[in-house]
Amino acid sequence: DYSVDNRDIALAGEAYFKVARNIDLPLIVNAGNIYIKAVGTEFNIKAYEDDGIIETTLVEGKVEITQSDEKKDESRFIDLNPNQKAIYIKESGSFTLAEVNSITPPAAAPVKSIYENILISPKADVDQVVAWTKGRLIIRGENLENLSVELQRKYDVAFNFVDEDIKKFRFTGVLLDETLEQVLNVIK
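Take the position in the sequence shown, starting the count at 1, then add 284; the result is the number in the working numbering.
#1: Which partner residues does Asp-363 have in the DSSP bridge list?
#2: Any chance you could list the alpha helix (DSSP H) runs of at least 4 consecutive residues sitting entirely within the region 398-456, in chain order?
#3: Do you know offhand how far Asp-447's Cα is from Phe-453's?
#4: Among all the DSSP beta bridges, which residues are the ones paired with Asp-292?
#5: Can you name the residues that DSSP bridges to Thr-463?
#6: Less than 8 Å separating the beta-carbons of Thr-341 and Phe-361?
#7: So what's Val-470 in DSSP terms, helix, strand or just coil?
#8: Would you identify the three-state DSSP class for Ile-307, choosing helix, strand or coil?
#9: So Tyr-319 is in the beta strand (DSSP E); what residue range does that whole segment cover?
#10: Do Val-303 and Gly-324 have their C-beta atoms within less than 8 Å of each other?
#11: Shortest alpha-carbon distance to Leu-483 belongs to which of Tyr-319, Asp-289 and Ala-299?
#12: Is Asp-461 buried or exposed, if buried means 16 or more other CB atoms sit within 10 Å of its CB?
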């Protein structure tokens, strides 16, 4: 009954959506215990089961994100506008809302609270979030521990660190279609 009675899907992993406009039949993505509703828009969802967060980045249009708390019998929701990213923290069940702007200077404006659990901060950019859809990986000041997670997913490999201090090293760059060996040589 998909696309007849509903456009509901479940997501574990990362996906980029370009949704055809249909007010009567919105797309609803279930990512863990949050739901992202879109009627005609472009957005990216990063919802890996082994990550402690779920990120939704809006490129165009509008989405509504709902999180239900069955224990308290209540729901919370936020609307995203273009160039915003919502970060849902699984452990605490709270949201952070980040302003996304590719031309934001490194000295970002201070974080400001708009609700108890929602913050706005200019810290990410759309190009970096959706680069994976073009086979690229944009790295900006990423520590090796987090970078290794991205590389594990991209190349389907596992990394083991023999020295904990190495995890703190930071890297910046763009990966296009390099082989894993080429990437490791650059890191080395």
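Even glycine gets a Cβ: it sits at the ideal position worked out from N, Cα and C.
So, from the data block:
#1: Glu-348
#2: 410-414 and 428-439
#3: 11 Å
#4: Ile-312
#5: Note: Thr-463 sits in no beta bridge, so no partner.
#6: no
#7: helix
#8: coil
#9: 318-322 is the span of the beta strand (DSSP E), which, as asked, contains Tyr-319.
#10: yes
#11: One cannot answer for residue 483 here, as it falls past the ends of the chain, which runs 285 to 472.
#12: exposed
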